[in-house]
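In what follows, a structure is listed as structure tokens, so that the remarks can point back to it.
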Amino acid sequence: MCFPLANQEILQKVEVEYETMPGWKTDTTGARKWEDLPPKAQNYIRFVENHIGVAVKWVGVGKSRESMIQLF
Numbered sequence: 001m002c003f004p005l006a007n008q009e010i011l012q013k014v015e016v017e018y019e020t021m022p023g024w025k026t027d028t029t030g031a032r033k034w035e036d037l038p039p040k041a042q043n044y045i046r047f048v049e050n051h052i053g054v055a056v057k058w059v060g061v062g063k064s065r066e067s068m069i070q071l072f
């Protein structure tokens, strides 16, 4: 499915596929650049990009504006 469908009849036939990925227990709140993120977090972001077909531009690792990592 390349785009969301508005037809309820078609949506009821959609089968969900779940992917299980390894997590990370490392605190990422201090990360300020891509290289600061744990490899498993980087892999997760790349997985999302590959499955939605859009580049992730920002990653939030905390509450503040300074906690945003710009990826472009």
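Heads up: the sequence shown begins at 1 in full-length UniProt numbering, then just goes up one per residue. Cβ atoms here follow ideal geometry from the backbone N, Cα and C, with glycine treated the same way. These numbers were taken from a predicted model, which means no experiment stands behind them.
Residue i, DSSP secondary structure in three states
i: glutamine 70; result: strand
i: valine 59; result: strand
i: leucine 11; result: helix
i: lysine 40; result: helix
i: glutamate 49; result: helix
i: tryptophan 24; result: coil
i: glutamate 17; result: coil
Assumed close pair residue i, residue j - CB separation to whole angstroms, cut-off 8 Å
i: glycine 62; j: threonine 29; result: 5 Å
i: tryptophan 24; j: alanine 41; result: 5 Å
Cβ neighbours of residue i in the same chain (closer than 8 Å, five flanking residues each side left out)
i: glutamine 70; result: Lys57, Trp58
i: phenylalanine 47; result: Glu19, Met21
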